[in-house]
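The sequence shown lines up with residues 1 to 341 when you count with UniProt numbering. Structure first, commentary second.
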Amino acid sequence: MATPTEPETSPDPRPAPAAWGPASGVGSVPGTDPAEALRVVLGELPGLPHLPELPARGAGADLIGRSAALLVDLAVDLTPAGWRLVPRAGRDLRRAQEFLARDLDALHDVAERHRGPFKVQVAGPWTLAAGLERERGERAVVDPGARRDLGQSLAEGIAAHVAAVAARVPEAQVVVQLDEPSLPAVLQGALPTVSGFGRLPAVAAPDVEAELAAVVAAVPAPVVVHCCADRAPLDLLRAAGAAGLSFDLGLVQDLDAVGSAVDAGVHLLPGVVPGTDAALPAPKATASRLQAWWRELGFPADDLHEAVTLTPACGLAGASPAYARAAMTHVSEAARYLLPE
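Here it is as structure tokens:
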């Protein structure tokens with residue numbers, strides 16, 4: 001007599017939740033030496049280090065050029081107005097790809113033995129579409145077909161990038177951060193036209209969410225979405241499947257959206273110190289600010305240290321090297337004061 005069989009269940013294709021560290025960086029840092037930048041990041045942010053971005057190296061090391069270097073079967077070139085989609089790769093794209101290759105070489109040399117979470121950053125699909133012109137002019141963000149092609153190409157390129165990082169740091173659990181500083185402007189119709197004399201029409205929130213969700217779902221790693229602009233659409237980012245939300249603590253006023261994210265198990269990466277040189281408070285004062293914010297949200301105090309990873313508010317490319325290191329040290333030390341006594 002045959003025995004009943006258990007109903008088959010499909011394995012969950014989504015990545016396992018990340019083991020979040022207490023402090024991290026947003027991405028960019030000052031300087032031009034990838035090995036030295038990585039040594040600083042690993043030393044100051046050992047719980048969740050990240051692959052540093054070094055835009056001071058020039059075109060191709062910037063957010064749009066660096067991310068375009070990951071695109072599969074799409075090429076870009078640099079024009080006086082910025083990056084543009086083109087039929088064939090040229091020297092500008094090759095330079096961006098060479099920068100990325102040097103960063104991966106440095107990663108192998110400096111961080112090969114790192115164990116635990118490790119973050120990489122890429123422009124999200126909406127910021128990339130807002131930052132790239134189509135071959136016939138105007139930003140790709142106005143063209144649904146171009147956006148779709150970009151999103152699919154970007155997701156494929158991110159998957160290859162995750163594999164390349166994992167090959168160089170075998171004990172790392174890779175986390176992908178999608179940088180979306182242009183997203184509020186896309187939603188509000190605030191992006192300027194290429195001519196600068198007008199504004200592009202707003203894109204409907206359901207379309208924004210659906211296209212972002214498609215990329216998030218295709219990335220083979222937990223995804224953090226970073227937006228340090230005013231009016232960061234936290235509810236939309238959570239609904240799109242983000243495992244973590246990274247934002248400037250001073251700019252987020254919608255506590256209901258933050259609370260909904262926490263209730264949904266989404267990790268928070270609040271930016272708590274400026275991204276450019278400023279006088280820093282004592283780390284304990286920063287921790288107290290976080291604790292007061294958490295109380296206002298209404299969650300148990302002992303849950304705070306596991307719910308958040310502290311970061312600077314934005315990238316540190318515009319900071320002095322001394323301040324960048326101090327900011328990293330600050331968020332690490334402030335995170336220690338969040339531990340339950």
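Here a beta-carbon is modelled for each residue, glycine too, at the ideal position from N, C-alpha and C.
Buried or exposed by the 16-neighbour rule on C-beta atoms within 10 Å, applied to residue i
{"i": "V72", "result": "exposed"}
{"i": "H254", "result": "Note that residue 254 is Asp in the sequence shown here, rather than His. By the neighbour-count rule (16 or more Cβ atoms within 10 Å), D254 is not buried but exposed."}
{"i": "R94", "result": "exposed"}
{"i": "F247", "result": "buried"}
{"i": "S320", "result": "exposed"}
{"i": "P34", "result": "buried"}
Inter-residue Cα distance where the pair is residue i and residue j
{"i": "E135", "j": "D303", "result": "50 angstroms"}
{"i": "L278", "j": "P52", "result": "Checking the sequence, you will find Ala at residue 278 rather than Leu. Straight-line Cα distance between these residues: approximately 21 angstroms."}
{"i": "P220", "j": "F299", "result": "31 angstroms"}
{"i": "S288", "j": "E296", "result": "12 angstroms"}
{"i": "E171", "j": "A160", "result": "17 angstroms"}
{"i": "A257", "j": "G318", "result": "30 angstroms"}
{"i": "V223", "j": "A214", "result": "12 angstroms"}
{"i": "R14", "j": "D109", "result": "Because the pLDDT at R14 is just 45, under 50, the model does not fix this residue reliably, and the value given afterwards should be weighed accordingly. Between R14 and D109, the C-alpha separation is close to 30 angstroms."}
{"i": "V208", "j": "V186", "result": "9 angstroms"}
{"i": "H114", "j": "D143", "result": "42 angstroms"}
{"i": "V138", "j": "W126", "result": "It should be pointed out that residue 138 corresponds to Glu in this sequence rather than to Val. Approximately 15 angstroms, taken between the alpha carbons."}
{"i": "V122", "j": "L178", "result": "5 angstroms"}
{"i": "R91", "j": "G31", "result": "23 angstroms"}
{"i": "A218", "j": "L154", "result": "10 angstroms"}
{"i": "A75", "j": "A322", "result": "37 angstroms"}
{"i": "L212", "j": "R39", "result": "33 angstroms"}
{"i": "A261", "j": "V216", "result": "16 angstroms"}
{"i": "G146", "j": "V203", "result": "Note that residue 146 corresponds to Ala in the displayed sequence, not to Gly. Each residue's alpha carbon lies about 14 angstroms from the other."}
{"i": "Q152", "j": "E333", "result": "40 angstroms"}
{"i": "A313", "j": "G250", "result": "8 angstroms"}
Residue i in three-state terms, based on DSSP
{"i": "G189", "result": "coil"}
{"i": "S182", "result": "coil"}
{"i": "residue 342", "result": "It is not possible to answer for residue 342, since the shown part of the chain is limited to 1 through 341."}
{"i": "W20", "result": "coil"}
{"i": "L249", "result": "helix"}
{"i": "H108", "result": "helix"}
{"i": "A282", "result": "coil"}
{"i": "E135", "result": "coil"}
{"i": "S28", "result": "strand"}
{"i": "P233", "result": "coil"}
{"i": "H114", "result": "coil"}
Cutoff 7 angstroms; reference residue i; Cβ partners in own chain excluding five residues on either side
{"i": "A326", "result": "L280"}
{"i": "E112", "result": "R168 and V169"}
{"i": "V194", "result": "A81, E133, G137, E138 and R139"}
{"i": "A190", "result": "R199"}
{"i": "R88", "result": "A75"}
Beta-carbon proximity of residue i to residue j, cut-off 9 angstroms
{"i": "L78", "j": "G65", "result": "yes"}
{"i": "L45", "j": "V331", "result": "yes"}
{"i": "L241", "j": "L269", "result": "Per the sequence shown, the amino acid found at residue 241 is Gly instead of Leu. No, the Cβ-Cβ distance between G241 and L269 is not below 9 angstroms."}
{"i": "Q291", "j": "L338", "result": "yes"}
{"i": "A68", "j": "W83", "result": "yes"}
{"i": "V225", "j": "G131", "result": "no"}
{"i": "M328", "j": "V141", "result": "no"}
{"i": "T311", "j": "V26", "result": "yes"}
Proximal residues to residue i (C-beta, below 8 angstroms), its chain only, five neighbours per side dropped
{"i": "L48", "result": "W20, G21, P22, A23, S24, G116, P117, F118, K119, V175 and T309"}
Contact set for residue i: own chain, Cβ-Cβ below 6 angstroms, skip 5 residues either direction
{"i": "G157", "result": "L70, L71 and V72"}
{"i": "V29", "result": "A37, P52, L316 and A324"}
{"i": "P184", "result": "A229 and R231"}
{"i": "G60", "result": "R95, A96 and F99"}
{"i": "A166", "result": "V174"}
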